[in-house]
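Here is the structure we will look at, set down as structure tokens.
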Amino acid sequence: MVKERGVFREDYCRLTQVNGMQKTKAFVALSRKLLRVIFALARDGVMYQQQGLTLALAA
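Our numbering puts the sequence shown at residues 4 to 62.
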């Protein structure tokens, strides 16, 4: 999730470095965000597409 090329890597770095959030709290925040994305995918009945997900999260 937050590895070198993970989908949420930029968000993790922003939370920990810029906002000064503890790593554990940042991981929990991103886990909740991922859960919301998974729920939306299940609710809408669509398949995961990284490019579409990235654009949706940026909006």
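Think of the CB as a built atom: it goes at the ideal place given N, C-alpha and C, for glycine as much as any other residue.
query                                                                                                                : result
Flag this pair as yes or no: are the beta carbons of valine 31 and tyrosine 15 separated by less than 8 angstroms?   : no
If leucine 37 and alanine 29 are in contact, beta carbons under 8 angstroms, what's the gap, nearest whole angstrom? : The pair is not a contact, with the Cβ atoms about 13 angstroms apart (cut-off 8 angstroms).
Does DSSP put arginine 35 in a helix, a strand or coil?                                                              : helix
Helix, strand or coil for alanine 43? Go by DSSP, reduced to three states.                                           : helix
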